[in-house]
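Taking it in order: structure first as structure tokens, then the write-up.
Protein chains: 2
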Amino acid sequence: MVTTKQAEPREPASQSEARCQIVRTLDIIGEKWSLLIIRDAFRGRTRFSEFRESLGAPSDILSARLTKLVDAGVLEKRAYREPGSRERSSYHLTESGRGLALVVGSLVQWGDTYNPYSGGKTSVLVDAVDQRPLSVAFVDDEGHPVATDEAVFVPGPAAREPWEPLR
Amino acid sequence: MVTTKQAEPREPASQSEARCQIVRTLDIIGEKWSLLIIRDAFRGRTRFSEFRESLGAPSDILSARLTKLVDAGVLEKRAYREPGSRERSSYHLTESGRGLALVVGSLVQWGDTYNPYSGGKTSVLVDAVDQRPLSVAFVDDEGHPVATDEAVFVPGPAAREPWEPLR
DNA sequence: GCGTCTAAATTGGAAATTCCAAGTCAGAAG
DNA sequence: CTTCTGACTTGGAATTTCCAATTTAGACGC
Chain P
240 MVTTKQAEPR
250 EPASQSEARC
260 QIVRTLDIIG
270 EKWSLLIIRD
280 AFRGRTRFSE
290 FRESLGAPSD
300 ILSARLTKLV
310 DAGVLEKRAY
320 REPGSRERSS
330 YHLTESGRGL
340 ALVVGSLVQW
350 GDTYNPYSGG
360 KTSVLVDAVD
370 QRPLSVAFVD
380 DEGHPVATDE
390 AVFVPGPAAR
400 EPWEPLR
Chain H
240 MVTTKQAEPR
250 EPASQSEARC
260 QIVRTLDIIG
270 EKWSLLIIRD
280 AFRGRTRFSE
290 FRESLGAPSD
300 ILSARLTKLV
310 DAGVLEKRAY
320 REPGSRERSS
330 YHLTESGRGL
340 ALVVGSLVQW
350 GDTYNPYSGG
360 KTSVLVDAVD
370 QRPLSVAFVD
380 DEGHPVATDE
390 AVFVPGPAAR
400 EPWEPLR
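Chain order of the listed sequences is P and H. With the first sequence counted from 1, adding 239 to any position gets you our numbering. With the second sequence counted from 1, adding 239 to any position gets you our numbering.
Printed below as a string of structure tokens:
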């Protein structure tokens, strides 16, 4: 039970309305285990027990994270029934969740590039159709790749104070 | 004080040797505040006091994170001297740290796409040369963009067990 | 010397989060 | 009605984060 705070209207798990996109995003996927759950979801895992075994995360935390990701619209809860068993829940990436492929992909790519594991890669990104290797990159509005060091973050309309773009 | 462990040869802060690239990456940038420090670094902030004021993070945590990011090779510690002041430290993205632009960019893009803030974007990604807007995307080995839902993660050589690629 | 100033930490203790082991719940099978 | 099993809860310990107060180390004036 989640300690029913007295008073406190409490919307249905409202997301943070932080100005910064990164803060809002990390409020959803930034806690311990969340991104690993999502990684596992991209590997086709869907059940509580699969996540539990693969991650080794505490079951109460896993439960809380799955609920949070469902509330945030990243995962979707479905029912399944194994023959001879009662109905249970499974968790599937939503459209929004599949959108995190770029986040997961860039984390994987950074790890491969700057902190490679001597034994090789556990996970490789390929085209679903022809299996050719893919990478994550910046592209301009015409779909042409742009070198990483040519991209800069500049203040948008919601910025409270300007900053000097790096480089 | 950081409890000087007796003995313990101590390599230069050995990273986790986890098989999974995401685990290795999150071991470096997955703790609270780390990615926001890096975001700020991309906004040109370099000093302890700048990070402190901009983030509102506790100073002990900020100190610990900066040290960890320096040890991990993401940030680099430099000395600067304000006229009439003693020498102090500033923190700058290394090559490895600048490589995190894709991670930060994909987090920003996901926030914009799936959890937009009513007031607009705080941060926009543009080409440093001609200021045209950029996005983060999957590209094949010839530099052609590939639709997000066409990318899948498949087991690499270091995978301990195979999995069904999603979709 | 001595006291003051300031940015960058460090420290002690409270609060929140995570971990772990054990327990509950709900249907299915016997 | 007893057992089994996957999906959670629960209580309490361990760890991490938070907060306020303090320390540190040079620069400055005296």
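Note that the Cβ used here is the ideal one computed from N, Cα and C, for glycine as well. Being a predicted model, the structure only gives us computed values, none of them experimental.
Return yes when at least one heavy atom of the ligand FMN lies under 8 Å from the C-beta of residue i, else no.
| i | result |
| --- | --- |
| PRO322(P) | Ligands displayed in this structure: none; no statement on the ligand FMN is therefore possible. |
Residue j and residue i - do their beta-carbons sit closer together than 9 Å?
| i | j | result |
| --- | --- | --- |
| THR387(P) | LEU346(H) | no |
| ALA296(P) | ILE276(P) | yes |
| LEU274(H) | PHE290(H) | no |
| THR361(H) | ALA390(P) | no |
| ARG286(P) | ARG327(P) | yes |
| VAL378(H) | ALA376(P) | yes |
| LEU405(H) | ARG304(P) | no |
| GLY269(H) | LEU308(H) | no |
| VAL393(H) | VAL343(P) | no |
| PRO396(H) | GLY358(P) | yes |
So residue i and residue j are in contact, right, with Cβ under 8 Å, and what is the actual spacing, rounded?
| i | j | result |
| --- | --- | --- |
| ALA367(H) | LEU332(H) | Actually they are not in contact, since the Cβ atoms of ALA367(H) and LEU332(H) sit about 14 Å apart, beyond 8 Å. |
| VAL365(P) | PRO372(P) | 6 Å |
Short of 7 Å in beta carbon distance, which residues of its chain neighbour residue i, apart from the five on each side in sequence? Order them along the chain.
| i | result |
| --- | --- |
| GLU381(P) | none |
| SER298(P) | ARG291 |
| SER329(P) | THR285, ARG286, ARG317, TYR319 |
| PRO322(H) | none |
| CYS259(P) | none |
Pick out whichever of the options has its Cα sitting closest to the Cα of residue i.
| i | options | result |
| --- | --- | --- |
| GLN348(H) | SER255(P), ARG304(P), GLY338(P) | GLY338(P) |
| ALA257(H) | GLU256(P), VAL313(P), GLY350(P), GLU334(P) | GLY350(P) |
| LEU341(P) | VAL385(H), TRP402(H), ARG317(H) | VAL385(H) |
| ILE261(P) | GLU403(H), TYR353(H), HIS383(H) | TYR353(H) |
For the alpha helix (DSSP H) containing residue i, name the first residue and the last one.
| i | result |
| --- | --- |
| ALA340(H) | 340 to 353 |
| GLU334(P) | 334 to 337 |
| ALA318(P) | No alpha helix (DSSP H) holds ALA318(P); the beta strand (DSSP E) holding it covers 314 to 320. |
| ALA390(H) | No alpha helix (DSSP H) contains ALA390(H), which is instead part of the beta strand (DSSP E) from 390 to 394. |
| ASP279(P) | 273 to 281 |
| GLU411(H) | Coverage of chain H is limited to positions 240 through 406, which leaves residue 411(H) absent and any answer about it impossible. |
| LEU405(P) | It is not in any alpha helix (DSSP H) - LEU405(P) carries neither H nor E in the DSSP assignment. |
| THR387(H) | Premise fails: THR387(H) is in no alpha helix (DSSP H) and is neither H nor E. |
| ARG263(P) | 260 to 268 |
If I measure Cβ to Cβ from residue i and keep anything under 8 Å in the same chain, skipping five residues before and after, which residues do I get?
| i | result |
| --- | --- |
| ARG320(H) | GLU326, ARG327 |
| LEU294(H) | TRP272, LEU275, ILE276, ASP279, LEU301 |
| ASP369(H) | none |
| VAL241(H) | Summary for VAL241(H): the model assigns pLDDT 31, below 50, so the residue's position carries little reliability, and this model does not support an answer. |
| VAL313(H) | ILE267, ILE268, ILE277, LEU332, THR333, SER335, GLY336, LEU339 |
| SER288(P) | none |
Can you give me the Cβ contacts of residue i inside the same chain, cut-off strictly under 6 Å, excluding the 5 residues immediately before and after it?
| i | result |
| --- | --- |
| GLU315(H) | HIS331, THR333 |
| SER255(H) | ARG263, ASP266 |
Locate the beta strand (DSSP E) running through residue i, then write down its first and last residues.
| i | result |
| --- | --- |
| ASP379(P) | 373 to 379 |
| GLU307(P) | Glu is not the amino acid found at residue 307(P); the sequence shown has Lys there. Note, LYS307(P): premise wrong, no beta strand (DSSP E); alpha helix (DSSP H) at 298 to 310. |
| VAL368(P) | Careful: VAL368(P) lies outside any beta strand (DSSP E) and carries neither H nor E. |
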